[in-house]
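Quick note: the sequence shown uses my numbering, first residue 76, plus one each step. C-beta atoms are modelled at their ideal positions from N, C-alpha and C, and glycine is treated no differently. Notes for the one structure printed next.
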Amino acid sequence: MAHTVETPRGMEPLKLHGLDVEGVNRCVHCGLCLPYCPTFSILGTEMDSPRGRIMLIKSLAEGRIALTESTKAHLDLCLGCRACETVCPSGVPYGQLIEAGRAEIERERPGGIARRLFRWLNFGVLLPSPRLLGLAAAGLRFYQASGLQRLARATGLIRLLPRPLPDWEPLLPVLPPGASRAPLPELTPALSPRRARVGLLTGCIQQVAFGSQNRATARVLARNGAEVVAPRAQACCGALHAHGGEHAQAVTLAKRLIEVFEEAKVDVVIVNTSGCGAHMKAYGLLLADDPAWRERAQRFSERVRDLAEFLAAEPLRGPLGRVEKTVTYHDPCHIVHGQKISREPRALLAQVPGLTVVPLAEADWCCGSAGTYNLTQPEMAQRLQARKVANVRATGAQAVVTANPGCIIQIAQGLAAEGTAIQVLHLAEVLDEAYATAPHPGPLPRVERDAESPGQAPKPSPPSGERAR
Numbered sequence: 076m077a078h079t080v081e082t083p084r085g086m087e088p089l090k091l092h093g094l095d096v097e098g099v100n101r102c103v104h105c106g107l108c109l110p111y112c113p114t115f116s117i118l119g120t121e122m123d124s125p126r127g128r129i130m131l132i133k134s135l136a137e138g139r140i141a142l143t144e145s146t147k148a149h150l151d152l153c154l155g156c157r158a159c160e161t162v163c164p165s166g167v168p169y170g171q172l173i174e175a176g177r178a179e180i181e182r183e184r185p186g187g188i189a190r191r192l193f194r195w196l197n198f199g200v201l202l203p204s205p206r207l208l209g210l211a212a213a214g215l216r217f218y219q220a221s222g223l224q225r226l227a228r229a230t231g232l233i234r235l236l237p238r239p240l241p242d243w244e245p246l247l248p249v250l251p252p253g254a255s256r257a258p259l260p261e262l263t264p265a266l267s268p269r270r271a272r273v274g275l276l277t278g279c280i281q282q283v284a285f286g287s288q289n290r291a292t293a294r295v296l297a298r299n300g301a302e303v304v305a306p307r308a309q310a311c312c313g314a315l316h317a318h319g320g321e322h323a324q325a326v327t328l329a330k331r332l333i334e335v336f337e338e339a340k341v342d343v344v345i346v347n348t349s350g351c352g353a354h355m356k357a358y359g360l361l362l363a364d365d366p367a368w369r370e371r372a373q374r375f376s377e378r379v380r381d382l383a384e385f386l387a388a389e390p391l392r393g394p395l396g397r398v399e400k401t402v403t404y405h406d407p408c409h410i411v412h413g414q415k416i417s418r419e420p421r422a423l424l425a426q427v428p429g430l431t432v433v434p435l436a437e438a439d440w441c442c443g444s445a446g447t448y449n450l451t452q453p454e455m456a457q458r459l460q461a462r463k464v465a466n467v468r469a470t471g472a473q474a475v476v477t478a479n480p481g482c483i484i485q486i487a488q489g490l491a492a493e494g495t496a497i498q499v500l501h502l503a504e505v506l507d508e509a510y511a512t513a514p515h516p517g518p519l520p521r522v523e524r525d526a527e528s529p530g531q532a533p534k535p536s537p538p539s540g541e542r543a544r
């Protein structure tokens with residue numbers, strides 16, 4: 076729905092599509108969210124808190140204030156982690172509000188030519204097209220494998236690039252060889268009594284950078300009675316577009332993905348990336364203004380399941396081998412706050428023989444990735460990254476397990492910058508290793524295991540951020 080309010084003459088209000096006015100008005104300004112907001116915790120300024128940002132967006136919608144650069148900066152600094160929603164006693168839908176605000180702010184203030192070109196290239200060209208994204212990944216792979224990356228870093232050439240490119244380059248994920256980026260089979264049969272026919276979102280960045288995690292996911296699902304369908308026609312789910320204020324493109328991509336999985340005739344759609352899962356579960360809200368799609372989108376959203384959510388509904392099916400490793404678990408924001416999933420990943424890890432799981436301080440505190448936040452707000456992202464890395468190192472764990480590509484890149488980059496050997500693994504990789512090391516593994520999935528080691532991290536420059544709080 077769109078929210079507009081009668082305003083004084085001469086002032087143009089923002090039209091906040093998707094804004095639940097009643098939900099926003101639930102905010103009673105109690106301040107219980109403040110200690111849980113990363114930006115407020117670090118900066119201590121009211122306008123960099125959920126309460127302050129709610130007042131800013133509401134005032135913009137009512138035409139009581141103008142959209143200045145200062146106002147935009149406060150809203151842009153929000154991570155969208157939704158930690159405030161978890162503790163809000165009034166149930167304010169803050170995530171919906173900030174996305175609605177950003178969409179209209181992007182329409183009103185698209186920025187200069189360079190910024191618009193960058194957003195068009197990424198949001199409009201690369202992310203929606205698996206083919207073009209694959210070509211871009213091939214170029215990045217050549218940059219890494221040819222030695223150009225090592226040369227650029229060793230000689231300091233990276234520092235000569237215009238800002239913010241020097242901040243972005245260390246965040247490039249190490250891309251695997253071409254064979255490891257091959258798409259999943261469209262159908263992976265169940266290897267135990269059939270439980271469900273599931274669709275698997277292979278994603279955009281996930282497929283080109285972390286295809287091994289998709290294959291591990293398919294193998295684990297097959298071991299647990301799932302017939303896995305990975306439609307070749309699928310593409311980006313639109314999560315990054317929605318988080319970045321590209322509302323129209325997010326709507327287009329959502330409709331395309333719904334059609335693809337409807338044609339696949341699956342019982343549920345499994346997602347192994349937390350940001351994508353939270354976004355897809357909100358398709359009903361995203362398309363609420365479209366009568367032709369509203370109910371269709373809601374039905375689709377109700378069939379979306381996070382990988383851990385699906386697997387934890389039953390005990391893991393054996394046999395499971397021993398994984399002699401000490402790990403800790405980091406909660407991605409869009410799983411723990413966006414989907415309210417916290418117990419399930421830990422319950423799955425607890426079933427792996429030999430695996431020791433140690434607690435992580437501030438496990439549900441944002442690592443600073445937050446979609447494209449570490450690209451657009453590198454200083455704050457680095458401060459949050461340093462805080463997360465310090466907490467991970469304090470556990471003494473050999474690996475940190477999580478379930479989101481952005482978190483994996485962000486945490487791995489921070490650990491590598493400090494010269495540690497701590498791995499960063501996806502939950503699916505840990506479970507897949509347990510099945511692979513079983514003494515009598517039984518029938519093998521048709522999806523082969525990858526040769527590369529999991530948890531590879533880039534060799535970045537150290538972050539400049541300090542530990543806060």
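Residue j beta carbon less than 7 Å from that of residue i
i: Leu202; j: Cys279; result: yes
i: Thr348; j: Val522; result: no
i: Ala388; j: Tyr358; result: no
i: His412; j: Ala438; result: no
i: Gly274; j: Phe336; result: yes
i: His354; j: Ala314; result: yes
i: Leu362; j: Ala372; result: yes
i: Arg272; j: Glu244; result: no
i: Glu183; j: Leu142; result: yes
i: Gln426; j: Leu391; result: yes
i: Gln498; j: Ala469; result: no
i: Pro480; j: Gln281; result: yes
i: Asp507; j: Ala291; result: yes
Residues of its chain near residue i, where Cβ-Cβ distance is below 6 Å and the 5 sequence neighbours each way are ignored
i: Arg378; result: Val343 and Val344
i: Glu321; result: Phe198
i: Arg191; result: Pro185
i: Leu107; result: Val162
i: Glu399; result: Gly429
i: Ala436; result: Asn466
i: Glu121; result: Gly127
i: Gly85; result: Here the model assigns Gly85 a pLDDT of 39, short of 50, so the residue's position is not dependable, and the following value carries that caveat. Hits under 6 Å: none found.
Cβ separation of residue i and residue j, assumed to be a contact under 8 Å, to the nearest whole Å
i: Leu215; j: Leu250; result: 6 Å
i: Gly155; j: Ala445; result: 6 Å
i: Ala383; j: Ile416; result: 6 Å
i: Tyr218; j: Ala158; result: Contact doesn't hold; Cβ gap of about 36 Å is too wide.
i: Gly300; j: Ser267; result: 5 Å
i: Val341; j: Val304; result: 6 Å
i: Leu276; j: Val326; result: Rounded, the Cβ-Cβ distance is 18 Å, inconsistent with contact.
i: Ser495; j: Gly319; result: It should be pointed out that residue 495 corresponds to Thr in this sequence rather than to Ser. Contact doesn't hold; Cβ gap of about 31 Å is too wide.
i: Ala513; j: Pro394; result: 4 Å
i: Leu210; j: Val200; result: Not confirmed; about 11 Å, so no contact.
i: Glu160; j: Gly176; result: Between Gly176 and Glu160 the Cβ distance is about 15 Å, and since that is not below 8 Å, they are no contact.
i: Gly471; j: Gln460; result: Not quite, the Cβ-Cβ distance comes to about 20 Å (not below 8 Å), so this is no contact.
Buried or exposed (CB count within 10 angstroms, at least 16 for buried), residue i
i: Ile129; result: buried
i: Cys408; result: buried
i: Trp440; result: buried
i: Asn100; result: exposed
i: Trp64; result: In the structure displayed, the chain extends from 76 to 544; residue 64 sits before or after that span and is not available.
i: Glu174; result: buried
i: Asp547; result: This structure cannot speak to residue 547, because the chain is shown only from 76 to 544.
i: Pro205; result: buried
i: Ser165; result: exposed
i: Pro237; result: exposed
i: Glu179; result: buried
i: Pro168; result: buried
i: Phe193; result: exposed
i: Ser221; result: exposed
Counterpart residues of residue i in DSSP-defined beta bridges
i: Tyr404; result: Val476
i: Asp381; result: Val346
i: His501; result: Thr477
i: Val432; result: Val402
i: Arg272; result: Glu302
i: Leu107; result: The partner list for Leu107 (beta bridge, DSSP) is empty, contrary to what the question assumes.
i: Leu142; result: Paired residue(s): none; Leu142 is not in a bridge.
i: Thr263; result: Val303
Sequence-distant residues of the same chain with beta carbon closer than 7 Å to residue i, five excluded per side
i: His104; result: Arg126
i: Leu152; result: Thr114, Asp123, Gln452 and Met455
i: Arg421; result: Tyr404 and Val432
i: Ala229; result: none
i: Asp242; result: Pro453
Cβ-based neighbour list, residue i, same chain, cut-off 8 Å, excluding 5 preceding and 5 following
i: Ile140; result: Leu131, Ser134 and Thr146
i: Glu424; result: Per the sequence presented here, residue 424 reads as Leu, with Glu not at that position. Excluding sequence neighbours, Leu424 sits near Val402, Tyr404, Leu430, Val432, Val476, Leu502 and Val505.
i: Ala323; result: none
i: Leu240; result: Ile233
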